[in-house]
Amino acid sequence: MKDFNYYAPTEVVFGQESEEQVAALVKKYGGTKVLVHYGGQSAVRSGLLDKLCRLLKEGGVPYVCLGGVVPNPRLSLAHQGIELCRKEGVDFILAVGGGSVIDSAKCIAYGVCLEGEVWDLYLGKAEPSAMLPVACVLTIPAAGSEMSEASVITNEDGDVKLGYSNNLARPKFAIMNPCRTFTLPPYQTAAGVTDMMMHTMERYFTKDDDMDLTTDLAEAVLRRMKTAVFDVLKNPEDYRQRAQIMWGGSVAHNGLTGCGVHDDWATHQLEHELSGMFDVTHGAGLAAVWPSWARYVMHENLSRFVRFAVNVMDVPNDFSDPEGTALKGIEAMERFYHAIGMPTTIKELIGREITDAEIKEMTRKCSQDGARKIGALKVLKAEDMEAIYQMAK
Ligand code: NZQ
Ligand code: ZN
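If you're matching positions, the sequence shown starts at 833 in the numbering used here and goes up one per residue.
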């Protein structure tokens, strides 16, 4: 069994009244001047931004605002945020939104405390010794950034999307009110559930078969998300099921479903090239790649794929044909993706055939010109990445 450290320091404040605590929480974690960071429209339209600003004001916490974060958040806005924080003497960043806003906030928080260029962290050329504290008011359960150590940023110069992970970046607190997710469009709801399920699947598909409790927890998360998503697509204001999904997104990515196993992340690395090049929704990109990845690697631990088919996808176990059972599990997952409006090929994702030249370019970026391998269940070299993109096209 793999030794592990489990570190999940984020204070989760969950429920319908959770937002009321925002000013007290900022003060509890040392904030005296806050950058309120948000996205395009949703937090403005819903009145959440106004409400949080009012609560900060009433709580005696000064703040400045910076909106405009787009999905697949851009480095240029983070640069603006760094400058603004320095000018205004900001010492705490409150992200109001989803993974993109939280990741942008983390990037700004690193940059304020760094002498050099913040992108160097993402390139692996620098290490931070400190960062501003970050916290969030989550509005879309998906990326799990509200408890994770990761941030993923797109540098418009070359459309390069890179992640950087450091425990410093785990948010101090995460306010989660499931009612705030009632306004999510069906596509974002489905892409979010796809992403959180994948965060657990990246850990579940492993060669380590000896941490049974982790496997049990992972299957419980996957099964619960798989049913809850249909309930909220049918009734977007189903508080009970929105709550399962909101908490599920955090549990799926706070490390709990990865304790004692080697995690994989190849599907994520392959997807980051898709959202980097075509600016597609991350969760949808994952759905477009995963079935091909699964078929390519399943023989590395066939019994895991059989277990997934039977325990998660409700496929009857044909003991005489484990490969057939495993394949039926992958097919059932494809049917699930289609049922919630997700693609299972790149063509469905981007609305046209991808060219061989584009596949070669994604492979070049993903393999960093052949210098990088990805994955753990099966370690993938550049030729494997290209083969999976070809299967997924
Ligand atoms: O910009 P607004 O108007 O707010 O609209 C957003 C956005 O268009 C909308 N939205 C959010 N809350 C809403 C809402 N619309 C209506 N009602 C609400 N309550 O949803 C859209 C998507 O938001 P975004 O933040 O991009 O979604 P998500 O949380 O899926 O984040 C995706 C980003 O996270 C990265 C992805 O690569 C991608 O860049 N990831 C970050 C991870 C991490 N930090 O740990 C791990 C993940 O694997 C992922 O890679
Ligand atoms: Zn993800």
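Cβ atoms here follow ideal geometry from the backbone N, Cα and C, with glycine treated the same way.
Would you kindly report the start and end of the unbroken alpha helix (DSSP H) that includes residue i?
{"i": "Y838", "result": "Note, Y838: premise wrong, no alpha helix (DSSP H); not H, not E."}
{"i": "S980", "result": "Element bounds for S980: n/a, residue is neither H nor E."}
{"i": "E890", "result": "880–890"}
{"i": "G929", "result": "Segment 924–929 is the beta strand (DSSP E) holding G929; no alpha helix (DSSP H) there."}
My understanding is that residue i touches residue j, with C-beta atoms under 8 Å, so please give their C-beta distance in whole angstroms.
{"i": "H869", "j": "I914", "result": "Not quite, the Cβ-Cβ distance comes to about 12 Å (not below 8 Å), so this is no contact."}
{"i": "T1026", "j": "A1119", "result": "5 Å"}
{"i": "E1069", "j": "K1197", "result": "The pair is not a contact, with the Cβ atoms about 41 Å apart (cut-off 8 Å)."}
{"i": "T1021", "j": "V1064", "result": "6 Å"}
{"i": "P1017", "j": "A1075", "result": "So it is not a contact: roughly 19 Å between Cβ atoms."}
{"i": "L1045", "j": "N987", "result": "About 40 Å; that fails the 8 Å criterion."}
Which of helix, strand or coil does DSSP assign to residue i?
{"i": "M1033", "result": "helix"}
{"i": "L898", "result": "strand"}
{"i": "G995", "result": "strand"}
{"i": "M1165", "result": "helix"}
{"i": "N987", "result": "strand"}
{"i": "R1204", "result": "coil"}
{"i": "I1138", "result": "The residue you asked about is not Ile; residue 1138 is Val in the sequence shown. DSSP places V1138 in helix when its eight states are reduced to three."}
{"i": "L946", "result": "coil"}
{"i": "G871", "result": "coil"}
{"i": "F1151", "result": "coil"}
{"i": "F1005", "result": "strand"}
{"i": "R1184", "result": "coil"}
Could you please give the first and the last residue of the uninterrupted beta strand (DSSP E) stretch that includes residue i?
{"i": "S1199", "result": "Here S1199 belongs to no beta strand (DSSP E), and DSSP marks it neither H nor E."}
{"i": "Y861", "result": "No beta strand (DSSP E) holds Y861; DSSP gives it neither H nor E."}
{"i": "V969", "result": "966–970"}
{"i": "M963", "result": "Element bounds for M963: n/a, residue is neither H nor E."}
{"i": "V1236", "result": "For the chain, the structure presents residues 833 to 1225; residue 1236 sits outside this window and is missing."}
At a cut-off of 7 Å, would you count residue i as near the ligand ZN, judging by its Cβ distance to the nearest heavy atom?
{"i": "M1174", "result": "no"}
{"i": "D1095", "result": "no"}
{"i": "A910", "result": "no"}
{"i": "M1030", "result": "yes"}
{"i": "D1027", "result": "yes"}
{"i": "A975", "result": "yes"}
{"i": "L1131", "result": "Going by the sequence as given, residue 1131 is His instead of Leu. H1131: no, Cβ never under 7 Å from the ligand ZN."}
Cβ-heavy atom distance between residue i and the ligand NZQ below 7 Å?
{"i": "H869", "result": "no"}
{"i": "R1035", "result": "no"}
{"i": "P1018", "result": "no"}
Three or more C-beta pairs below 8 Å linking the region 958–975 and the region 1003–1010: yes
Cβ contact (3+ pairs, closer than 8 Å) linking the region 861–878 and the region 930–941: yes
Any 3 or more C-beta pairs closer than 8 Å across the region 884–902 and the region 916–934: yes
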